[in-house]
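I have placed the structure first, in the form of structure tokens, so that the comments after it can refer back to it.
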Amino acid sequence: MILVPTHVPEAFVSMYLPSIYAALIVGFIATMAIASKRREIHILILTDVVGFAMIMVVAAVGTDLAEALILPGLVVELAEIMAISEILLSREMHKIEANPHKKLKKSDSLLPMPFDFDLEIMHTSPNFIALLLIAYGIFLTGFTGGAVAGAGLIIYILSRKARGLPAITIAGLGGVSGISWCLWIIGFALLFLVPGYWLIGLLLAACGLLLKVASKIGLIGAIMKEDIDRE
Amino acid sequence: MDFATLGGNLFGTIPFGDIVLYLTPFNLFLFAILLVFTIIIAISNTETQVEATFGSLKNTNVTVGKKEFKQRRILSIICGIASAGAMITGDLFNFTLFMALVGILNIGIVSSVKQVSVLDSAFNYGLIAMMCSLPLFGGAAIILAATGTLSLSILSSMPASPMVIFGAVLILLGVLGESGVAPFFASKAEMFRTAGSPFLVIIHLSSLFIIIRAVEILLLVLL
Numbered sequence: 028m029i030l031v032p033t034h035v036p037e038a039f040v041s042m043y044l045p046s047i048y049a050a051l052i053v054g055f056i057a058t059m060a061i062a063s064k065r066r067e068i069h070i071l072i073l074t075d076v077v078g079f080a081m082i083m084v085v086a087a088v089g090t091d092l093a094e095a096l097i098l099p100g101l102v103v104e105l106a107e108i109m110a111i112s113e114i115l116l117s118r119e120m121h122k123i124e125a126n127p128h129k130k131l132k133k134s135d136s137l138l139p140m141p142f143d144f145d146l147e148i149m150h151t152s153p154n155f156i157a158l159l160l161i162a163y164g165i166f167l168t169g170f171t172g173g174a175v176a177g178a179g180l181i182i183y184i185l186s187r188k189a190r191g192l193p194a195i196t197i198a199g200l201g202g203v204s205g206i207s208w209c210l211w212i213i214g215f216a217l218l219f220l221v222p223g224y225w226l227i228g229l230l231l232a233a234c235g236l237l238l239k240v241a242s243k244i245g246l247i248g249a250i251m252k253e254d255i256d257r258e
Numbered sequence: 157m158d159f160a161t162l163g164g165n166l167f168g169t170i171p172f173g174d175i176v177l178y179l180t181p182f183n184l185f186l187f188a189i190l191l192v193f194t195i196i197i198a199i200s201n202t203e204t205q206v207e208a209t210f211g212s213l214k215n216t217n218v219t220v221g222k223k224e225f226k227q228r229r230i231l232s233i234i235c236g237i238a239s240a241g242a243m244i245t246g247d248l249f250n251f252t253l254f255m256a257l258v259g260i261l262n263i264g265i266v267s268s269v270k271q272v273s274v275l276d277s278a279f280n281y282g283l284i285a286m287m288c289s290l291p292l293f294g295g296a297a298i299i300l301a302a303t304g305t306l307s308l309s310i311l312s313s314m315p316a317s318p319m320v321i322f323g324a325v326l327i328l329l330g331v332l333g334e335s336g337v338a339p340f341f342a343s344k345a346e347m348f349r350t351a352g353s354p355f356l357v358i359i360h361l362s363s364l365f366i367i368i369r370a371v372e373i374l375l376l377v378l379l
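Line by line, the protein sequences are chains A and B.
If you're matching positions, the first sequence starts at 28 in our numbering and goes up one per residue.
If you're matching positions, the second sequence starts at 157 in our numbering and goes up one per residue.
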């Protein structure tokens, strides 16, 4: 039975099987890598690669129904990886709670780096550079802007650490991330509901994405702590 | 295979466009039982584990705090509703989504416990569940590509091609992994070893029911 309409080029139809094979090979390689790795942060990231292979299989179908299936698949993947990293975090918290008098290791700070960051420039200019980067990131908006603003945040935290000040704990990061997600969804919905206001929808989505990308750094830093302790 | 052969008399269908819900005694029974269990779980209190301590005559109580209790209760209610949805759905992809949702909620229910070993096994179970989303969703997508539909009512009247059989095998693999049975039972069994039984039981119950429903769906698709 052939369900493909006649106006679809043959090249597209013949791409289905290779992409399925590619996805299965990606999944296989990722699971092999998981089997050979023992560090939890690596396993977490490699598991996400398996998830991407799943997205590839769904996307290979290439119809508009498949397009509608990718979004829930992606959301489920995201929810799972967030749940797992949450488990990892709360396990670390309980380990610390159970033994609070244990001397905190060097790696328990926000940015555990094996090499020395005590440079002259860290004492003089970083605040200004961080401010500049964040301002430039907000001006850019969107994904690139988020990355630039995130780099600004990193520089600010690094400089505080280098000067011996306590590195700020970013507790509200999850909240910011949630708000940005809402902004993005509202902007996305506006584009469909009132296409006349596309500009405001685009801006909302771009600002949401900016906050989202910028706030990702906190989560990565928190998970990194776990594995560096092992070395 | 036809609905009537598997589930008894067909009471009727509820068509939502392509997604056609079908009501047979089998599905309605599973649906109702799960809802009843969910209600029982929603109104019950948690148990308290009493553990003997070594080296003394004291006992230690492993209780569930109020915040933890509330969090677990809401998650287990959602878990019950999600598994009830998987019982009644007439769409293959919806079933896989419900299955994945149950997997996430299972992790969520134990995420607030204090035992490190339980959290360890929940982490491992989560990894397996995430890896198994590849065969689960991939199988559904392959069936969609081979037949052009995800509606179980249309799939049940179609003959199974080799691609459909491959997709069905993948779905079976995915369900086994996501619900934590078959080769991956060790981490799932460790997840239970904590206080708070009625909420923990929904983890067990949802995977039992989903396995039954998965068998029915595979029979519908294959035969």
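In this text, a Cβ means the ideal position worked out from N, Cα and C, and glycines have one as well.
Check: So who's on the other strand from TYR48 (chain A), going by DSSP bridges?; Outcome: Looking at the DSSP assignment, TYR48 (chain A) forms no beta bridge with any residue, so it has no partner.
Check: Assuming contact is defined by CB atoms lying nearer than 8 Å, are ASP247 (chain B) and LEU179 (chain B) in contact in what I supplied?; Outcome: no
Check: Sort out for me which residues DSSP pairs LEU179 (chain B) with in a bridge.; Outcome: B:GLY168
Check: If you check the beta carbons only, do ILE230 (chain B) and ALA106 (chain A) fall under 8 Å apart?; Outcome: no
Check: Which residues in chain B sit within 8 Å of LYS122 (chain A), going by Cβ to Cβ distance?; Outcome: VAL272
Check: Three-state secondary structure (DSSP) at VAL85 (chain A)?; Outcome: helix
Check: Per DSSP, what kind of secondary structure is ASN217 (chain B) in: helix, strand or coil?; Outcome: strand
Check: Tell me where the alpha helix (DSSP H) around GLU124 (chain A) begins and ends.; Outcome: 91-125
Check: Got a sec, what are the start and stop residues for the beta strand (DSSP E) VAL206 (chain B) sits in?; Outcome: 205-208
Check: Measuring alpha carbon to alpha carbon, tell me which of B:LYS270, B:GLY264 and B:ILE265 ends up nearest MET120 (chain A).; Outcome: B:LYS270
Check: Mapping the DSSP letters down to three states, classify ASP276 (chain B) as helix, strand or coil.; Outcome: helix
Check: Looking at the structure shown, is ILE250 (chain A) part of a helix, part of a strand, or coil, going by DSSP?; Outcome: Only weak support exists for where ILE250 (chain A) lies, its pLDDT of 45 falling under 50; the value from the coordinates is given anyway. Looking at ILE250 (chain A) - three-state DSSP - the assignment turns out to be helix.
Check: Since ARG118 (chain A) meets chain B, which of its residues come closer than 8 Å, beta carbon to beta carbon?; Outcome: VAL272, LEU275, ASP276 and PHE279
Check: Based on the DSSP secondary-structure assignment, which residues constitute the bridge partners of ASP158 (chain B)?; Outcome: For ASP158 (chain B), which the question treats as bridged, DSSP gives no partner whatsoever.
Check: Of all the options B:ILE233, B:THR204 and B:GLY211, which has the alpha carbon lying nearest to the alpha carbon of THR219 (chain B)?; Outcome: B:THR204
Check: Using the Cα positions of SER362 (chain B) and SER239 (chain B), report the straight-line distance between them to the nearest angstrom.; Outcome: 6 Å
Check: Taking the CB atoms as reference points, tell me whether ALA198 (chain B) and ILE233 (chain B) lie closer together than 8 Å.; Outcome: yes
Check: Starting from the Cα of VAL53 (chain A), find the closest Cα among A:GLY100, A:VAL77 and A:TYR163 and give me that residue.; Outcome: A:VAL77
Check: In whole angstroms, give me the CA-to-CA distance for LEU253 (chain B) and PHE210 (chain B).; Outcome: 46 Å
Check: Starting from GLY78 (chain A), find everything on chain B with Cβ-Cβ shorter than 8 Å and list it in chain order.; Outcome: MET286, SER289 and LEU290
Check: Counting along the chain, where does the alpha helix (DSSP H) carrying CYS288 (chain B) start and finish?; Outcome: Note, CYS288 (chain B): premise wrong, no alpha helix (DSSP H); not H, not E.
Check: One question on the structure: do ALA297 (chain B) and VAL40 (chain A) come within less than 8 Å of each other, judged by their Cβ atoms?; Outcome: no
Check: Is there a Cβ of chain A sitting closer than 8 Å to that of ALA256 (chain B), yes or no?; Outcome: yes
Check: Hey, how far is the Cα of GLY177 (chain A) from the Cα of LEU236 (chain A)?; Outcome: 12 Å
Check: Using CA atoms only, rank isn't needed, just tell me which of A:ILE97, A:PRO45 and A:ALA232 is closest to LEU290 (chain B).; Outcome: A:ILE97
Check: Quick one: using the 10 Å Cβ neighbour count with 16 as the cut-off for buried, is THR169 (chain B) buried or exposed?; Outcome: exposed
Check: Taking 8 Å as the CB-CB cut-off, is GLY294 (chain B) touching chain A?; Outcome: yes
Check: May I ask you to report which of helix, strand or coil DSSP gives ASP75 (chain A)?; Outcome: helix
Check: Compute the Euclidean distance between the alpha carbons of PHE249 (chain B) and LEU326 (chain B), then round it to the nearest angstrom.; Outcome: 13 Å
Check: Rounded C-beta distance between VAL377 (chain B) and LEU311 (chain B)? I'm assuming under 8 Å.; Outcome: 5 Å
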